[in-house]
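Here is the structure we will look at.
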Amino acid sequence: MTPERIEQLKSEKDVVMLVHNYQRPEIQDVADFLGDSLNLAMEATKVSQSTILFCGVDFMAESAKILNPEKTVLHPNTEAKCPMAAMIDIDGLRKLKEEHPEAVVVAYVNTTAETKTLTDICCTSANAVNVVKQLSAGEIIFIPDANLGLYVQRFIPDKKFIFWPGYCHVHRDVTPEDVQSMKDSHSNAKVLVHPECAPPVIDMADEVLSTEGMVRFSKSSDFSEFIIVTERELSYRLQKENPGKTFHILERAICPAMKKITMDDVLKCLESGRPEIELPESVIEQAKLPLERMLTISRGEKLKDKL
Ligand code: 13P
Ligand code: SF4
């Protein structure tokens, strides 16, 4: 009954549901659009509905609001907060900027709206290397995920990177031994790793990809077996879209923040129109620029300002 009721409410209330690849399977099943952080931010700028119901963590729903301030953006559970985004302290970031006045601040989208107001350009796991490659600055303050920053640095060794000591606990906790044991059991499988993992795990990858990158790669690959080194719920979509292929996951790689949102939350949110993402106008104005710069690069266009 609930999925039918959700569909009915979406159509009655002119709501589109954007859902991240780590959400619970039953929520993925009622999505209008499923994707990674980049896809969802881009899709949020294209939808025609007056309301976006965002099932993902807080920073994703905030980005949808910043890019579409005229729309109502609903986030069904305010407890769904990415702990990595909370690792930035604003005063510490201000101080770091003062210490490196020439540096460009590149913020992973996994940051709060307030943090984005202090940054020059955003990136996601899908476009981080490309974004930093487009910058002419020789010095980069990369926040908050040091592992993603270290991965980007491999491709751009001539720039100086200053890292924030942030991390995603779900990906950082994957060890090389975990991956080796999966490789030993499934020697024909391709190893797909998310760039939030630590360097020794990245070194074991056949491909380093965002979650949507993993979806695309496994669909188009001639291989039929994959070891998926990221949050385990991605495997639900991978298996659903590739019934003839096999996906091996690390069972304990669970993001509790992503699992806070339940079907009941979605239903209540659709019925009540709450909780809604509300941000001060000044924050929206300042946080929009780094997000829009990122989208400009992702569309293959040149940045208007020199960074
Ligand atoms: P993706 O953008 O690759 O889906 O990653 C988001 C995220 O939170 C990874 O932990
Ligand atoms: Fe944040 Fe990691 Fe969860 Fe992604 S998987 S939402 S980075 S805690």
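So in the numbering used here, spot 248 of the sequence shown is number 236, and the numbers just go up one at a time.
Even glycine gets a Cβ: it sits at the ideal position worked out from N, Cα and C.
Predicted, not measured: the structure shown is a model, and the values here were computed from it.
Residue range of the unbroken alpha helix (DSSP H) whose run includes residue i
i: G80; result: I78 to E87
i: H236; result: Not the alpha helix (DSSP H): H236 falls in the beta strand (DSSP E), residues T234 to I237.
i: Y139; result: A134 to Q141
i: K178; result: First-last for K178: K178 to V181, but that is the beta strand (DSSP E), not the alpha helix (DSSP H).
i: V254; result: M251 to S260
i: E67; result: That residue, E67, is in no alpha helix (DSSP H); it is neither H nor E in DSSP.
i: E31; result: S25 to A32
i: A49; result: D46 to L55
i: A95; result: Element bounds for A95: not the alpha helix (DSSP H) but the beta strand (DSSP E), V92 to Y96.
Proximal residues to residue i (C-beta, below 7 Å), its chain only, five neighbours per side dropped
i: I237; result: I216, R220 and S223
i: A49; result: F42, V61, H63 and I265
i: C156; result: M72, D133 and E184
i: K207; result: E229 and N230
i: L291; result: Q122, R281, T284 and I285
Cβ neighbours of residue i in the same chain (closer than 6 Å, five flanking residues each side left out)
i: K178; result: D194, F211 and F214
i: T112; result: S25, L26 and V97
i: T107; result: V93, A95 and P278
i: G44; result: H8
i: K34; result: none
Span separating the alpha-carbon of residue i from that of residue j
i: A52; j: S36; result: 13 Å
i: V140; j: E289; result: 20 Å
i: D146; j: C243; result: 34 Å
i: T105; j: P57; result: 15 Å
i: A125; j: R287; result: 21 Å
i: L197; j: L180; result: 7 Å
i: C110; j: G232; result: 37 Å
i: V18; j: S(-1); result: 12 Å
i: T66; j: A74; result: 14 Å
i: H182; j: P(-9); result: 31 Å
i: L258; j: P268; result: 23 Å
i: P164; j: G261; result: 45 Å
Host beta strand (DSSP E) of residue i (start-end)
i: L62; result: T60 to L62
i: K148; result: K148 to F151
i: F130; result: E127 to I131
i: V119; result: No beta strand (DSSP E) contains V119, which is instead part of the alpha helix (DSSP H) from A116 to K121.
i: E213; result: E213 to V217
i: H157; result: Careful: H157 lies outside any beta strand (DSSP E), inside the alpha helix (DSSP H) at H157 to R160.
Whole-Å CB distance - residue i paired with residue j, under 8 Å assumed
i: E200; j: A114; result: 6 Å
i: R225; j: Q16; result: 6 Å
i: I40; j: K59; result: 6 Å
Cut-off 8 Å between Cβ atoms - residues of its own chain near residue i, not counting five sequence neighbours on either side
i: I76; result: T99, T100, T103, I131, P132, W152 and G154
i: P13; result: E221 and Y224
i: R160; result: N135, E184, C185 and A186
Closer than 7 Å: residue i CB and nearest the ligand NAD heavy atom
i: C110; result: Ligands present in the displayed structure are limited to the ligand 13P and the ligand SF4, and the ligand NAD is not among them.
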